[in-house]
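Colleague: Its first residue numbered 1, the sequence shown is counted upward by one per residue in the working numbering.
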Amino acid sequence: MSEDNDSDKLLSQSKKLHDKLAPYATKGPVSRRREAAIRCLERYGSCDTLAEKLHVYNEEYGNAEGMATFDALSRLGFAVGSQEKKWYSFESYEWVIKQIFSYEDAPFLLIGGQLSSGKTSTSLLLAVRAVELGIKDKIGTNIKSVADQREYINRIDTWTDLEEWLETDGKKVYVFDEAKKQLTKRRAMSKSVLKFSNKGDLLRKYRTHMVLIAPLTEELDSQFHKKLTNVKVEKKSKKQAVFDIEGNHKLRNSIGANPLRFNNIPDAPINFDTYEVSEFEMDIDDDEGEDRRTIGDAVENALKNEAKKPPEDRKSLTWIANYLGCTQGYVSQRKSKLEAEGKIEW
């Protein structure tokens, strides 16, 4: 019972702290002092003595000046934690881009929204700003009208070209328009889905993020809704978007609230044809027998990699099955096969 009381007490104290600091969290130094003066005047009415007024003054101005000691993530955490439904100007929090693309444990970004909601524009905005901020060096994309506008943007619209481009030097981001065509749930277990999802671990190795654009991100295969996903963005309009940051543990733990709602999102700083139909060619065979071999190879490679680790660090068979989109029984069969062949010791 005492632990429950302690927990409730901590939560109450945390809420009070949020309530006190939230009014100052998104303001600059001058605006914070102005806000402190206004709040003092509002509270003086309930004060009976000069000492009480002095206490109010010290508290409000202390909160205002103290906010300068917090970093940007903490300030946003106070603001969002107090008013989770509030919309914030994206230009004021553009540093979130740095937090997204510096988190390499989850390489995929999913961006969805209705027709004409600005999905492609926002995707390109994030990618270009990542380069301008020095977080990324190169952009690849299957959007023809964008390619070659800047020296660091390359047109990559085949699987072969993508694999070659990923192996080049530098930190990269790939913007995949019309991703639904290749990665939809209806193509589950197809080679294209397996190729892209299996590439997740390699994207981390290449220090690369991949932005997948689709009208409904829910229609993308479940492979891209697990540990691979960094951020899911739902465009509400050309200027508004909701950022689900659950997959970015660094950003999520720092801010303490999810999702983030932004408005005043600017247009992409480069031109593109909004009526263009982007294509991507999986220039590999994709017959059923080949799919089965691809799945088997992926499972066996995963088992071999895990077998090299100490037993306490290995991923479970269930984890491998979920990650690769197959059944645990299939993974278990492959494990037994490799053990019988003397290729692994589990």
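C-beta atoms are modelled at their ideal positions from N, C-alpha and C, and glycine is treated no differently.
Do the CB positions of K136 and F101 come within less than 8 Å of each other?
Modeller: Yes, the pair counts as a contact, with Cβ atoms nearer than the cut-off.
Colleague: If we ignore side chains and look at the alpha-carbon of each, how far apart do N258 and F243 end up?
Modeller: Each residue's alpha carbon lies about 8 Å from the other.
Colleague: Should N63 be labelled buried (16 or more other beta-carbon atoms within 10 Å of its own) or exposed?
Modeller: Buried: at least 16 other Cβ atoms inside 10 Å.
Colleague: Considering only C-alpha positions, which residue in the set R261, E281, E339, K308 is nearest to K236?
Modeller: Ranking the options by Cα distance to K236, first place goes to R261.
Colleague: Can you check which of these residues, I265, T168, V175, G113, is closest to R155 by C-alpha distance?
Modeller: Of the candidates I265, T168, V175, G113, the one whose C-alpha sits nearest the C-alpha of R155 is V175.
Colleague: Using the beta-carbon count (16 or more within 10 Å), is E164 buried or exposed?
Modeller: By the neighbour-count rule (16 or more Cβ atoms within 10 Å), E164 is not buried but exposed.
Colleague: Classify T120: buried if its beta carbon has 16 or more other beta carbons within 10 angstroms, exposed otherwise.
Modeller: Classification for T120: buried.
Colleague: Would you identify the three-state DSSP class for V146, choosing helix, strand or coil?
Modeller: DSSP places V146 in coil when its eight states are reduced to three.
Colleague: Buried or exposed: V277, going by 16 or more other Cβ atoms within 10 Å of its Cβ?
Modeller: Exposed, since its Cβ has fewer than 16 Cβ neighbours within 10 Å.
Colleague: Reducing DSSP to helix, strand and coil, say where A241 ends up.
Modeller: In this structure, A241 counts as strand in the three-state DSSP scheme.
Colleague: Span of the beta strand (DSSP E) holding G140?
Modeller: Here the beta strand (DSSP E) through G140 covers 138 to 141.
Colleague: Going by DSSP in three states, S89 sits in which element: helix, strand or coil?
Modeller: In the structure shown, S89 sits in a strand (DSSP, three-state: E or B).
Colleague: Thinking C-alpha only, which one of Y93, R334, E312, D313 is nearest A321?
Modeller: Nearest C-alpha to A321: R334.
Colleague: What would DSSP say about M210, mapped onto helix, strand or coil?
Modeller: It is a strand residue.
Colleague: Determine the contact status of P107 and M210, defining contact as a CB-CB distance below 8 Å.
Modeller: Cβ distance < 8 Å, so P107 and M210 count as in contact.
Colleague: So, helix, strand or coil for V231, using DSSP?
Modeller: Three-state result, V231: strand.
Colleague: Which class does K185 belong to by DSSP, given the choice of helix, strand or coil?
Modeller: Unreliable placement is indicated for K185, whose pLDDT of 46 sits below 50; no coordinate value is reported for it.
Colleague: Does the Cβ of E234 have 16 or more other Cβ atoms within 10 Å, making it buried, or fewer, making it exposed?
Modeller: Its Cβ being crowded by 16 or more others within 10 Å, E234 is buried.
Colleague: Of the choices T274, K27, K238, Y275, whose alpha-carbon is the least far from that of D348?
Modeller: Any property of residue 348 remains undetermined from this structure, which presents the chain solely from 1 to 346.
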